[in-house]
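Colleague: My structure is below; once you've seen it, I'll send some questions.
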Amino acid sequence: MKAREPMVIYYVRDMARATKFYSEVFDAPVLFESPGWTELDFGDVKLALHILHDEDMGEAPIPHAGINFMVDDIEELQRSIQEQGGEIWELREPDDFVPVRVASVRDCEGNGFELRQVPTD
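Residues 349 to 469 (this note's numbering) make up the sequence shown, in order.
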């Protein structure tokens, strides 16, 4: 295998706030933490938070890096997301093309991700 240990990297301006968001919303254990780089454990994938220095990097990359989490109940996470400074800005119900509920979310730093939920009925 030529690739292993998948990691998604989000660029953030406030490391403490972003770390708290992901660790509290998802109960993700912090594997490594520093002022410039933090890693959180999401099972087979790590989420890394990289501090964004405006003078060095300019604008952050695209606002949606493509990370998507399977959850049991989107509404159950919505309160925690909002309490930690994030927002669900769109919720799509299942249709003929996408058979799951999909919530589009912005974290406390403006990074986008999605939650998906298999319908129970």
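Beta carbons are placed, not taken as given, at the ideal position from N, Cα and C, and that holds for glycine.
1. Identify, in the order they occur along the chain, each residue of the same chain with its Cβ nearer than 8 Å to the Cβ of D392, setting aside the five sequence neighbours on each side.
2. With 16 as the cutoff for other CB atoms within 10 Å, does D455 come out buried or exposed?
3. Label G384 either buried or exposed according to how many other C-beta atoms from any shown protein chain fall within 10 Å of its C-beta, with 16 as the threshold for buried.
4. Of the residues D444, V419, I399, R365, which one's Cα is nearest the Cα of E462?
5. Rounded to the nearest angstrom, how far is the Cβ of L484 from that of K394, given a contact under 8 Å?
6. Can you give me the C-alpha to C-alpha distance between R361 and P377, rounded to a whole angstrom?
7. Report the rounded CA-to-CA distance for V453 versus D443, giving the unit in angstroms.
8. Pull the bridge partners of T367 from the DSSP assignment, please.
9. Which value, in whole angstroms, describes the spacing of the CA atoms of L425 and R352?
10. Going straight from the alpha carbon of A396 to that of F445, what length do you get?
11. Is it buried or exposed for E372, if we count other Cβ within 10 angstroms and need 16 for buried?
Modeller: In terms of the structure at hand:
1. P354
2. buried
3. exposed
4. V419
5. The structure shown does not extend to residue 484, since the chain is modelled only from 349 to 469, so the question has no answer here.
6. 21 Å
7. 20 Å
8. According to DSSP, which records beta bridges pairwise, T367 is partnered with nothing at all.
9. 29 Å
10. 31 Å
11. exposed
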